[in-house]
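Chains as they are written, first to last, in the numbering used here: chain A, -14 to 199; chain B, -14 to 199; chain C, 296 to 636; chain D, 296 to 636.
I have placed the structure first, in the form of structure tokens, so that the comments after it can refer back to it.
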Amino acid sequence: MTNETISVDQLSGWLTRFNDLVTEQVSYLTELDSAIGDADHGSNMTRGMSAVVEKIQASPAGTVDELFTGAGMTLVTSVGGASGPLYGTFFLRIGATAGPVGTLDAPGLASALRAGLGGVVARGKAEVGDKTMFDVLAPALDAFDAALAGSSDIPSAARAAYSAAQTGRDATQALLARKGRASYLGERSIGHIDPGAASTSLLFQALAETLGKE
Amino acid sequence: MTNETISVDQLSGWLTRFNDLVTEQVSYLTELDSAIGDADHGSNMTRGMSAVVEKIQASPAGTVDELFTGAGMTLVTSVGGASGPLYGTFFLRIGATAGPVGTLDAPGLASALRAGLGGVVARGKAEVGDKTMFDVLAPALDAFDAALAGSSDIPSAARAAYSAAQTGRDATQALLARKGRASYLGERSIGHIDPGAASTSLLFQALAETLGKE
Amino acid sequence: MKVNQEVPDMKKLINSPETVLADSLAGVAAAHPDLRVDHANRIIFRATPKAAGKVALLSGGGTGHEPLHGGFVGEGMLDAACAGAIFTSPTPDQMLEATKVVDRGAGVLHIVKNYTGDVMNFEIGAELAAAETGIKVAVVVVNDDVAVEDSSFTAGRRGVGTTVLLEKIAGAAAEEGRDLAAVAAVAQKVNESGRSMGVALTSCTVPSAGKPTFVLPDDEMEIGVGIHGEPGRRRVPLAGAAEVARQLVEPILSDLDFTGAPTIVMLNGLGGTPLIELYVMYAEVRKILDAAGITVARSLVGNYITALDMAGCSVTILKADDDLLRLWDAPVNTSGLRWGI
Amino acid sequence: MKVNQEVPDMKKLINSPETVLADSLAGVAAAHPDLRVDHANRIIFRATPKAAGKVALLSGGGTGHEPLHGGFVGEGMLDAACAGAIFTSPTPDQMLEATKVVDRGAGVLHIVKNYTGDVMNFEIGAELAAAETGIKVAVVVVNDDVAVEDSSFTAGRRGVGTTVLLEKIAGAAAEEGRDLAAVAAVAQKVNESGRSMGVALTSCTVPSAGKPTFVLPDDEMEIGVGIHGEPGRRRVPLAGAAEVARQLVEPILSDLDFTGAPTIVMLNGLGGTPLIELYVMYAEVRKILDAAGITVARSLVGNYITALDMAGCSVTILKADDDLLRLWDAPVNTSGLRWGI
Ligand SMILES: Nc1ncnc2c1ncn2[C@@H]1O[C@H](COP(=O)(O)OP(=O)(O)O)[C@@H](O)[C@H]1O
Ligand SMILES: Nc1ncnc2c1ncn2[C@@H]1O[C@H](COP(=O)(O)OP(=O)(O)O)[C@@H](O)[C@H]1O
Ligand SMILES: [Mg+2]
Ligand SMILES: [Mg+2]
Ligand SMILES: [Mg+2]
Ligand SMILES: [Mg+2]
Chain A
-14 MTNETISVDQ LSGWLTRFND LVTEQVSYLT ELDSAIGDAD HGSNMTRGMS AVVEKIQASP
46 AGTVDELFTG AGMTLVTSVG GASGPLYGTF FLRIGATAGP VGTLDAPGLA SALRAGLGGV
106 VARGKAEVGD KTMFDVLAPA LDAFDAALAG SSDIPSAARA AYSAAQTGRD ATQALLARKG
166 RASYLGERSI GHIDPGAAST SLLFQALAET LGKE
Chain B
-14 MTNETISVDQ LSGWLTRFND LVTEQVSYLT ELDSAIGDAD HGSNMTRGMS AVVEKIQASP
46 AGTVDELFTG AGMTLVTSVG GASGPLYGTF FLRIGATAGP VGTLDAPGLA SALRAGLGGV
106 VARGKAEVGD KTMFDVLAPA LDAFDAALAG SSDIPSAARA AYSAAQTGRD ATQALLARKG
166 RASYLGERSI GHIDPGAAST SLLFQALAET LGKE
Chain C
296 MKVNQEVPDM KKLINSPETV LADSLAGVAA AHPDLRVDHA NRIIFRATPK AAGKVALLSG
356 GGTGHEPLHG GFVGEGMLDA ACAGAIFTSP TPDQMLEATK VVDRGAGVLH IVKNYTGDVM
416 NFEIGAELAA AETGIKVAVV VVNDDVAVED SSFTAGRRGV GTTVLLEKIA GAAAEEGRDL
476 AAVAAVAQKV NESGRSMGVA LTSCTVPSAG KPTFVLPDDE MEIGVGIHGE PGRRRVPLAG
536 AAEVARQLVE PILSDLDFTG APTIVMLNGL GGTPLIELYV MYAEVRKILD AAGITVARSL
596 VGNYITALDM AGCSVTILKA DDDLLRLWDA PVNTSGLRWG I
Chain D
296 MKVNQEVPDM KKLINSPETV LADSLAGVAA AHPDLRVDHA NRIIFRATPK AAGKVALLSG
356 GGTGHEPLHG GFVGEGMLDA ACAGAIFTSP TPDQMLEATK VVDRGAGVLH IVKNYTGDVM
416 NFEIGAELAA AETGIKVAVV VVNDDVAVED SSFTAGRRGV GTTVLLEKIA GAAAEEGRDL
476 AAVAAVAQKV NESGRSMGVA LTSCTVPSAG KPTFVLPDDE MEIGVGIHGE PGRRRVPLAG
536 AAEVARQLVE PILSDLDFTG APTIVMLNGL GGTPLIELYV MYAEVRKILD AAGITVARSL
596 VGNYITALDM AGCSVTILKA DDDLLRLWDA PVNTSGLRWG I
């Protein structure tokens, strides 16, 4: 069935939808960052993702590699802050792992995403419970893999990932930050959702919604 | 009758009472100056008059000249702003005109005060209706002279002066300022009482109250 | 009298309204070994007086406009600055004392901003100096604020931004060895050739008043504000930098023809506005001047003549010539302005 | 995207949150002929590059801390500064481009404030430079903020005030002709010997956020605040200058022993606080240091590393030695710091 693969166009749709979501939620993301950071996560993500989508619209990518390498480079060179290199590396690694193909099957997508996670860890050294985007990315990919192992199709796996992402996002509220700008707050970081965790949850919402629509 | 002369001690009491009144009304004077000036008339007057009273208490003056020359010099050297030279010159001229005497009779007091007014005009060039302390000082002295001419004693003349001072003060509200900092407002100075007019009204209130008490 | 450890009733880094002047002078003395502070008389002097035979420059005014004037004491600029209480002119005895100390035999130029209080207090100071000493005193009264429209029916235009440029340029003329009349003439020329206009986004708060001098709604600004929080020409709706620049520059340009000469342009912050906004404003001012065919030869962007914590800025444009530019470029070594040394 | 003439929804002299960086760079370019602004890459360079064979210094960071870093580009200090969006690190392509342009054959020192974003972006920039060019790059990460207590469980201490002193001192070392390792060693020594602590009386407002980052009640202040409005150690009742100075200086002195060496002390304003208050604070800081037997050899009072329009200040103390003092005193000619030239 067609749902067993995902095309470059669908993946482009994912990024486009992610841009829509961060744009919709820009104030929410910035508000989260006001509480435990420096009030720029919303504008950082929209600046980066709108540049990514502009690029996709100007010249649609032919391969998964092209799409994500382009998106990653755009984020790295237009965002700055912590989120630029982290999201940028995430996408760059996805592109490099997927290679110059037009579609990915489920295992291909899963391993590309996991390589992306590896990039985030390599760059940011975040560990479980540090109260970062890692605390959404890791459980979301675990849920994605588990769903596929349980023979779900990609859209169902994406929904499972999104559900785990939301749980992970909400769980960051109780955590004490140990990485990034929020870590300076110590105890006072407790009680607030991590902004990067929230935007990463939007990333999986975008994937689930993009695939769900078909 | 004793009310036909005024002693150095009574005149010292006048200045002391003036200090009490500007201290009581410090916020009111500053508020008036906030509306059409630079929000310092209250602190200027209290800084100056408290220094005057300190000096009087430390070494009571023996003559009218000594009292007012001392007060005038203290104001000139401790206030600054517009009010320092104006009030300072007012008192300096009173002292110089009265001379080294222990008491003043009614005509002596009247001419000393009028010399003070002359000093204010010489220094500040204010004219009738410019919306300054002149618009209280001039009608108050006119009323003082008129009362004496109508054979009032000094306390009654002081009460007449105070009454004219209040009228003069209130009348500044409708005026357009043409001197001092308030003049920069043009039309927008209308509707506010002039701070210097208000403090000068306190000066006559102090005189009336000091003499009334005896 | 408030005590040191009391909790302030406004958001200011001070000990008490009563001590702020003395405390800030203590800080100036501690920070700048090049300056000598006479705490009793509240005068800031150069630690090393200028050479004998040169004209000395004295200025002063109410405190709250820092770095003006104390920050401009030093080689190539002022010889001394008398500090008054916040927003209140210093007193004549200060001017007398400073005049005596700074005179190097060639006379002293008093630089006075045109406010009734400043003019009268400097006037008495000069009268006392004339009576007590043989020191020659010349006076320049700075009145460059175009916000004051009907200046013939008022105390005249206020002295604002041009004061900074005048102190620099006249200071260089004095350092060069010009005589008192010549230094005063240069100062007069700067005053006649400089115009300023300011805007407030928020009021300042005078410490002894304890609350803002005026209240500006969130969506309004005060065009033509004075450096003591005196109201300006009018309250208008808040606008973007380009529009604010237009509202400041147009009245300046309609007051004096700046074409055909090199100009010195200062974009000055009023105390509570960060440098990034001043640069944004400067870019807009330059666009307008370029479009009007005005040549900008020198620029100054920063906080030079402030109004306590007021948010806002002012624009000063000085129509210069080769002599004024050369004097502008001459070395200056003060805490507020320094180059060429 | 907002248009130019729109009414701003906050009291800032800007055209729009989206254009503030570009607009302020336009102002910098217009005001300073000594600087060359690469608008596309958002880099401020010296107009005249330093002599070949000398080590170049590159810094950068989020915009909103002016004059840092662009105001410190010039002879005796930085060779270039990369400007990020407000409070957001610049991007690696900027660092790559700047590194290529400023290298004079002796390598480039990257001066990075310790924030996750800055560190990662400079890291990628250096990786790209290594991959694409043969330019030697050394890195110093400034982490001097004693407000961060448990630095082993966090991203480490933030880089704040010491950055200013480091850029000056390392800049002088480079100008003197020391090689990359030696310049980096001086920079490292400054970082190890400098400590800072800040206080906010009010929050800053990030233009794109449109409202204050945090809300401080009228009677509270934030001790240990970061230069991006990051919360500090604790909220405490508002206090007078003497008490605020104590709360800033004590954590610094308990973190490092400053006795027995000459120190350089900076009293820095955070953007919305006027100079008069900084001098009041400086006087109080000096009293504490005098009482603690600490020798202050050099002082700096003013706005050097700011946090947009935040009201507040920070104290930086650097334990120096003869070499560092000599480098401090060496000529510097930038818009933000200038002497001896
Ligand atoms: N070391 C790290 N590893 C993973 N994620 C991190 C790390 N540091 C920060 N983050 C994420 O980045 C987010 C902040 O992004 P953003 O606000 O755009 O950048 P900045 O902190 O530079 O302002 C945090 O909420 C957190 O999720
Ligand atoms: N030229 C003048 N002649 C008479 N009175 C004046 C003149 N100029 C100002 N004043 C008076 O001085 C008052 C202001 O005093 P004050 O606020 O202490 O000084 P400043 O205006 O220097 O701040 C005004 O309200 C006005 O009554
Ligand atoms: Mg952030
Ligand atoms: Mg006043
Ligand atoms: Mg005043
Ligand atoms: Mg940031």
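No residue lacks a Cβ here, since even glycine has one placed at the ideal position from N, Cα and C.
Under 8 Å between C-beta atoms of residue i and residue j
| i | j | result |
| --- | --- | --- |
| D/Gly466 | A/Gly66 | no |
| B/Ala142 | B/Ala132 | yes |
| C/Arg453 | C/Asn416 | no |
| D/Leu475 | D/Ile406 | no |
| D/Val432 | D/Thr386 | no |
| C/Thr611 | C/Leu460 | yes |
| C/Arg541 | C/Ile583 | yes |
| D/Gly371 | D/Thr358 | no |
| B/Ala83 | B/Phe53 | yes |
Element boundaries [alpha helix (DSSP H), containing residue i]
| i | result |
| --- | --- |
| C/Pro387 | 387 to 397 |
| A/Ser184 | 180 to 197 |
| A/Phe53 | 49 to 63 |
| C/Leu619 | 617 to 624 |
| B/Ala167 | No alpha helix (DSSP H) holds B/Ala167; DSSP gives it neither H nor E. |
| A/Ser(-3) | -7 to 9 |
| C/Pro546 | 536 to 550 |
| D/Arg452 | Segment: none, D/Arg452 is in no alpha helix (DSSP H) and carries neither H nor E. |
Environment of residue i [buried if 16+ CB atoms lie within 10 Å]
| i | result |
| --- | --- |
| D/Leu308 | buried |
| C/Asp374 | buried |
| B/Ser19 | buried |
| B/Gly27 | buried |
| C/Lys306 | buried |
| C/Asp318 | buried |
| C/Asn299 | Only weak support is given to the placement of C/Asn299: the predicted model assigns it a pLDDT of 42, under 50, and the question is left unresolved by the model. |
| D/Arg529 | exposed |
| D/Ser549 | exposed |
| C/Gly420 | buried |
| C/Asp618 | exposed |
| A/Gly176 | exposed |
| D/His327 | buried |
| C/Trp623 | buried |
| C/Val435 | buried |
| D/Thr343 | exposed |
| B/Thr117 | buried |
| C/Pro312 | buried |
Beta bridge counterpart(s) of residue i as assigned by DSSP
| i | result |
| --- | --- |
| C/Leu352 | C/Leu404 |
Boundaries (first-last residue) of the beta strand (DSSP E) holding residue i
| i | result |
| --- | --- |
| D/Pro532 | 529 to 532 |
| D/Ile636 | Element bounds for D/Ile636: n/a, residue is neither H nor E. |
| B/Phe76 | Not the beta strand (DSSP E): B/Phe76 falls in the alpha helix (DSSP H), residues 68 to 83. |
Could you run through the segment 151 to 175 of chain B and flag, in chain order, every residue whose CB is less than 7 Å away from some CB of chain C? Residues of the segment 151 to 175 of chain B whose Cβ lies closer than 7 Å to any Cβ of chain C, in chain order: Arg163, Lys164, Gly165, Arg166, Ser168, Tyr169, Leu170, Gly171, Arg173.
Looking at chain C, which residues of the segment 356 to 383 of chain D have a Cβ within less than 7 Å of any of its Cβ atoms? Under the 7 Å Cβ criterion, the segment 356 to 383 of chain D contributes Thr358, Gly359, Glu361, Pro362.
Residues, ordered as in the chain, of the segment 383 to 417 of chain D that lie near chain A by beta-carbon distance below 7 Å: For the segment 383 to 417 of chain D, which is checked against every Cβ of chain A, the residues closer than 7 Å are Thr383, Ser384, Pro385, Thr386, Pro387, Asp388, Tyr410, Thr411, Gly412, Met415, Asn416.
Members of the segment 3 to 30 of chain A that neighbour chain D once the beta carbon cut-off is set at 9 Å: Those would be Val11, Ser12, Thr15, Glu16, Asp18, Ser19, Ala20, Ile21, Gly22, Asp23, Ala24, Asp25, Gly27, Ser28, Asn29, in chain order.
Going along the chain, which residues of the segment 94 to 113 of chain A sit with their C-beta nearer than 8 Å to a C-beta in chain D? Hits within the stretch, in order: Arg108, Gly109.
Between the segment 512 to 524 of chain C and chain B, which residues of the former have a C-beta closer than 7 Å to a C-beta of the latter? The residues in question are Gly521, His523, Gly524.
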